[in-house]
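Residue numbers (the working numbering): 3 to 452. Beta carbons: idealized from backbone N, C-alpha and C, even for Gly.
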Amino acid sequence: MQSTFLSRGFFGCARISLISAALFVGPLPLAGVASAQESSSSQRPVPESPAMAEHSAAPTSLLELTREAEQKNPQIAASFHAWQASRNIPQQASALPETQLSVQQFSVGSPRLFAGYSNSDFSYIGFGASQDIPYPGKRQLRAQVAEHEADSMEAQTDSMRRTVVGNLKMFYFRLAYIQQTFGVLQKSDRLLNQVQEATEARYRVGQGNQQDVLKAQLQHTKILQEIAHHHQEEGLLEAQIKQVLGRPQESADIVAETLIVRTLPYSAAELLQKAREQNPDVHSKQASIRQQETQVELAHKEFRPDFNVGYTYEHTASQFKDYYMASISVRLPNRGRQRAALAEAEQNQERARQELDAQSQLVLSEVQQQYVRATTSEERLKIYSDGLVPQSEATFQSALSAYQSNRQDFESLLSGFLDVLNLDLEYRSDLVEHESALAELERLTGVDLP
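Structure representation (C-alpha cells):
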C-alpha cells in the first residue's frame with residue numbers, strides 16, 4: 003500500500019501527509035501498548051508544549067475566560083459606551099429649542115450708546131425674550147425616534163458581546179486541541195519506538211529489510227518537525243486569546259481544559275424559536291423598523307407649522323411711560339421639501355422591513371446549519387468511540403503480534419498503525435466541530451449549554 007494518507011486539519015481542511023495522523027493519537031489508550039519500551043539512543047525525546055511545561059497550575063476554564071472577556075474586552079466596552087451615549091439623545095430630542103434673549107437700544111440724532119434720551123423723545127432701551135415652539139406632538143415623536151435608535155444600539159451591544167465570546171470559544175477549542183496533542187505525541191512516539199524495535203529485531207535476524215527500519219525512524223523525525231509547527235500555532239492562538247481578553251501579550255501563557263462532548267438538549271424547532279425571540283441582530287432590525295415607522299409619522303407631522311412667541315420690555319425717558327410688547331409668529335414649512343422628506347422616510351421604512359426579513363432568514367438558516375453540524379457530529383463521535391477506534395486498536399494489536407512472530411509484513415503493520423491514528427484524528431476533529439457548532443448555537447439563540 004502507499005505510505006501516504008489523507009489527514010484532516012482542524013476545521014476539516016485536508017492535506018496529504020503521512021505524519022499528520024501520527025500527531026493525533028486518540029483519546030482511548032491502546033491496550034497492551036502503554037508499557038512500550040524506551041526509545042533507542044539514536045532518537046531524541048519529544049519536547050513538551052511550552053505552556054504545559056511552564057504552568058503547573060490547573061487549566062483555566064472557558065467560563066472564567068468568558069467572564070474576563072465580557073469585563074475587559076475593549077470592543078465590548080466601546081459598544082457599551084456607544085449604547086449609553088445613545089440613551090441621552092431622547093431627552094435632547096424632546097427638549098424645547100433654546101430660548102433667545104435680546105437687548106435693544108434705540109437712539110435718535112447720535113450714534114453714541116444710551117445718548118438718545120437727551121436727543122429724542124423716541125429713544126428707548128429694551129429687553130426681550132423669544133421661544134420657538136414646535137407643533138404639538140413633534141418633540142414626542144423625535145424622542146421616540148431616538149429611543150428606538152437607542153434600543154437598536156442596545157441590541158448591537160449584545161451582539162458584539164456574543165460575537166467576542168464566540169470568537170473566544172473558537173480560539174479556546176483550538177488551543178485545547180493543540181495543547182492536548184503534545185501529550186498524545188509522546189504516546190505516539192513510544193508506539194513508534196515499539197514498531198521500530200520490532201523492525202530492527204527482525205532485521206538483525208535476517209527476516210526484515212533496512213527499508214522497513216528507515217521508514218519507522220522517519221516517522222519519529224517527522225513527529226519532531228510537526229511539534230515545531232504545533233508550537234507556532236499554539237503561540238498564535240494564545241496571542242489571539244490575549245487580544246480578546248485585553249491582556250498584555252507578555253502575560254502568562256494560557257492552559258486550556260480538556261475538551262469533552264456536550265449534549266444538545268434542544269430540538270431544531272426550539273432553537274429556531276429561541277433565535278426569533280432572543281437573537282440580538284434580529285432585535286436590532288426590529289428596533290430599526292420601529293424607528294423608521296416613527297420617522298414616517300414625524301415626517302407627516304412636519305407639514306404642520308411651528309411657532310415663535312416673544313415678549314419685549316422697552317424703557318423710554320422718565321417723562322414717558324414704558325412700552326410692553328408681546329408677539330406670536332408662525333413658521334410655515336416648505337411643502338416641497340417636506341414631501342421629499344416623507345418619501346425618504348417611507349423608503350427607509352421599507353428598507354428596514356426587508357433588512358429584518360433578510361436578517362431573520364440568515365439567522366434561522368445558520369441555526370439550522372449549526373444544529374445539523376452538532377447532531378451529526380455527535381452521532382459520528384459515538385460511532386468512533388464505540389466502534390471504529392476500539393476496532394482499529396484491536397486490529398493493530400493483532401498486526402503487531404503477527405509482525406513480531408514473522409507472520410505479517412511491515413506494510414500491513416504500518417497500515418494498521420495509520421488506521422488507528424487516522425481514526426483518532428477524525429475523532430478529535432469531529433469533537434472540535436461539535437463544540438464549535440454548539441458555541442455558534444449559543445451565540446445565535448442566546449441559550450447557555452452546560
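Opposite N310 in the DSSP bridges: which residues? According to DSSP, residue pairing for N310 in a beta bridge involves D134 and S331.
With a cut-off of 8 Å, do at least 3 Cβ pairs link the segment 376-385 to the segment 429-441? Touching, per the Cβ criterion.
Mind checking whether T296 and Q146 have CB atoms under 7 Å apart? Cβ distance < 7 Å, so T296 and Q146 count as in contact.
Does the beta-carbon distance from G168 to R341 come in below 7 Å? Contact flag unset, no.
Taking C-beta to C-beta, are V332 and F305 nearer than 7 Å? Here V332 is not near F305, since their CB atoms are 7 Å or more apart.
Under DSSP, the alpha helix (DSSP H) around F108 begins and ends at which residues? Careful: F108 lies outside any alpha helix (DSSP H), inside the beta strand (DSSP E) at Q102 to F108.
Option nearest A203 by Cα separation, candidates N408, A439 and I262: Looking at the Cα atoms, N408 is the closest of the given residues.
Of the choices S290, V197, A79 and A439, whose alpha-carbon is the least far from that of L402? Comparing Cα-Cα distances from L402 to each of S290, V197, A79 and A439, the minimum goes to V197.
Distance, Cα to Cα, A131 vs F108? Those two C-alpha atoms are separated by around 17 Å.
Keeping to the same chain, check which residues put their C-beta closer than 8 Å to that of D421; ignore five residues upstream and five downstream. In its chain, beyond the 5 residues on either side, S394, T397 and F398 have a beta carbon closer than 8 Å to the beta carbon of D421.
Exposure of T201, with buried meaning 16 or more beta-carbon neighbours within 10 Å: When all chains shown are included, T201 counts as buried.
Only counting the same chain, and skipping five residues up and downstream in sequence, which positions put a Cβ closer than 7 Å to that of A277? These residues qualify, in order along the chain: V365, L366, V369, L446 and T447.
How about S81 and S286: are their beta carbons less than 7 Å apart? Annotated as distal: S81 and S286, with beta-carbon spacing of 7 Å or more.
When you compare each of E272, V311, L425 and Y405 to G2 by their alpha carbons, which one comes out closest? Summary: the structure shown does not reach residue 2, with the chain confined to residues 3 through 452, and so no result is reported for it.
Give the secondary structure of I127 by DSSP, where H, G and I count as helix, E and B as strand, and everything else as coil. Strand, per DSSP.
Does the segment 205-215 come close enough to the segment 98-105 to have 3 or more Cβ pairs within less than 8 Å? Flag = no, the segment 205-215 and the segment 98-105 do not touch.
Helix, strand or coil at E380 according to DSSP, with G and I counted as helix: When secondary structure is reduced to three states using DSSP, E380 falls in the helix class.
What number of angstroms, rounded off, separates the C-alpha of D160 from the C-alpha of L67? Rounded to whole angstroms, D160 to L67 spans 18 Å at the Cα level.
Around the C-beta of Q294, are 16 or more other C-beta atoms found within 10 angstroms, so that it is buried, or is it exposed? So Q294 ends up on the buried side.
Could you give the distance in angstroms between the alpha-carbon of A230 and the alpha-carbon of F184? Taking the straight line from one Cα to the other gives about 11 Å.
For I180 and Q406, what's the separation of their Cα atoms in angstroms? In this model, I180 and Q406 are separated by some 33 Å (Cα to Cα).
Tell me the DSSP secondary structure of Y268 in three-state form. Annotated three-state conformation of Y268 is coil, per DSSP.
In the segment 130-216, which residue ranges form an unbroken alpha helix (DSSP H) of at least 4 residues, counting only runs that do not cross its ends? Within the segment 130-216, complete alpha helix (DSSP H) segments of at least 4 residues are found at 140-206, given in chain order.
On the three-state DSSP scale, how would you describe A254? The three-state reading of DSSP puts A254 in coil, since its state is none of H, G, I, E or B.
Let me check one thing: in DSSP terms, what residues is E316 bridge-paired to? DSSP, once it has assigned bridges, lists G128 and Y325 as partnering E316.
For I291 and H83, what's the separation of their Cα atoms in angstroms? Distance between the alpha carbons of I291 and H83 is about 23 Å.
Can you give me the start and stop residues for the alpha helix (DSSP H) that V434 sits inside? Counting along the chain, the alpha helix (DSSP H) containing V434 begins and ends at F412 to T447.
Secondary structure of T260, DSSP reduced to three states: If DSSP states are grouped into helix, strand and coil, T260 belongs with coil.
Given a cut-off of 7 Å, decide if I78 and V166 are closer than it, judged by their beta-carbon atoms. Contact: yes.
Out of T260, Q227 and L415, which has the shortest C-alpha to C-alpha gap to L64? Closest in C-alpha terms to L64, from the list T260, Q227 and L415, comes T260.
Based on the DSSP output, what are the partners of T62 in its beta bridges? A258, per the DSSP bridge assignment.
7 Å Cβ shell around F419 - same chain, five flanking residues per side excluded: Excluding residues within five positions, the ones whose Cβ falls inside 7 Å are V197 and F398.
May I have the straight-line CA-CA distance separating S253 from H302, to the nearest angstrom? Cα-Cα distance, rounded: 58 Å.
For the alpha helix (DSSP H) that Y405 lies in, which residues bound it at each end? Note, Y405: alpha helix (DSSP H), V391 to Q406.
Extent of the continuous alpha helix (DSSP H) run through P282: For P282, the enclosing alpha helix (DSSP H) begins and ends at P282 to K303.
Closest Cα partner of L334 within the set A319, S320, T318 and P307: Checking every option, the nearest Cα to that of L334 belongs to P307.
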